[in-house]
Amino acid sequence: MLAPLIQHENLFPILSSRLPKLLPKASQTLHPMPVFEARVLVVEDDAALRRLLTMLLERENYHVVAVANGAEAVSTFAQY
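Per the numbering used here, the sequence shown starts with residue 27, numbered consecutively.
What follows is the structure in structure tokens.
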């Protein structure tokens, strides 16, 4: 049972030593995607989950409006 674990642990140094050769050089990277404003309406009744989703989406540069229920969602959506 330990043999498969040991084999998988030994793969990481091999792969990580080859990784720099596999990654493109800075001059070979693709052009970044165009920047655009994206809005997301988060509808979630659990306050903690609503805050988490908002935080994660804002980290990705989305404009987030978060509400707790469907009635708030319909009202908020109508404003935009």
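Note that beta-carbon positions come from the ideal geometry of N, C-alpha and C, so glycine has one too.
Since the model is a prediction, treat every value here as computed from it, not as a measurement.
Compare the C-alpha of Arg63 against each of Ala97, His89, Val69 and name the closest. Per the sequence shown, the amino acid found at residue 63 is Glu instead of Arg. Nearest option by C-alpha distance: His89.
Is the beta carbon of Val69 sitting closer than 9 angstroms to the one on Ala94? The answer is yes: Cβ separation under 9 angstroms.
Could you tell me which residues DSSP pairs with Leu67 in its beta bridges? According to DSSP, Leu67 bridges with Val91.
Going straight from the alpha carbon of Glu86 to that of Arg76, what length do you get? Glu86 and Arg76: Cα-Cα distance of roughly 16 angstroms.
What's the gap between the Cα of Leu78 and the Cα of Val91? Distance between the alpha carbons of Leu78 and Val91 is about 13 angstroms.
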